[in-house]
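Data first, discussion second: the structure below is written as structure tokens.
Residue numbers (UniProt numbering): 1 to 170.
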């Protein structure tokens, strides 16, 4: 099932920095038959500080940590990368890993749309929006976020480790 992972990078659009080192990862249908196992799987693999709910309907990002989102129920369209970014349709059982700095917002969703979010080692995330006054600080913080020790879905093996390992340039 590890083959069903899409990876892509997003450019800095001048407002949303995105991540210039690590790609976004989308695991399609990975929890399709067992969406209630998403949170436990993330937590078991060291992605903690979990919460469940909705995705904000405005562009935002976290400059101090990576984030994983798993769709527990419903479906939604999420825009990643800012205004010029990419729209992704996420369905129940899908997972997306957002490297630090990656802009994201919900465009639309079904009424039952619910995601589980978590962070490497339970990091406390900050909330950043388009703010030129914080840009230099945000870019520095993004560069300082280390590669996670584990993949949120597969643990000590998995696409995140393979696809991000050779990208770490700090």
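Every residue gets a Cβ at the ideal spot worked out from N, C-alpha and C, and that includes glycine. Since the model is a prediction, treat every value here as computed from it, not as a measurement.
Checklist entry - alpha helix (DSSP H) containing residue 40: first to last residue? => result 38-44
Next on the checklist: Taking the alpha-carbon of residue 73 as reference, which of 57, 62, 109, 85 has the nearest alpha-carbon?
Outcome noted: The candidate whose alpha carbon is nearest that of residue 73 is 109.
Checklist entry - Under three-state DSSP, which class holds residue 109? => result strand
Checklist entry - Whose C-beta lies closer than 7 Å to the C-beta of residue 56 among residues of the same chain, with five residues either side of it excluded? => result 105, 106
Checklist entry - CB residue 116 to CB residue 70, shorter than 8 Å? => result Annotated as proximal: residue 116 and residue 70, with beta-carbon spacing under 8 Å.
Item to check | Distance between beta carbons of residue 13 and residue 81, contact taken as under 8 Å | outcome: 7 Å
Checklist entry - Do the CB positions of residue 65 and residue 120 come within less than 8 Å of each other? => result Taking 8 Å as the cut-off, the beta carbon of residue 65 is found closer than this to the beta carbon of residue 120.
Checklist entry - If you draw a straight line from the alpha carbon of residue 30 to that of residue 114, how long is it in whole angstroms? => result Going by the C-alpha atoms only, they are around 16 Å apart.
Next on the checklist: Rounded to the nearest angstrom, what separates residue 33 and residue 94 at their Cα positions?
Outcome noted: 11 Å
Checklist entry - On the premise that residue 138 lies in contact with residue 63, defined as a C-beta separation below 8 Å, what is that separation, rounded to the nearest angstrom? => result 4 Å
Item to check | Strand pairing of residue 90, partner residues [DSSP] | outcome: For residue 90, DSSP records a beta bridge to 76.
Item to check | Close Cβ partners of residue 134 (< 7 Å) along its chain, the five nearest in sequence each way excluded | outcome: 128
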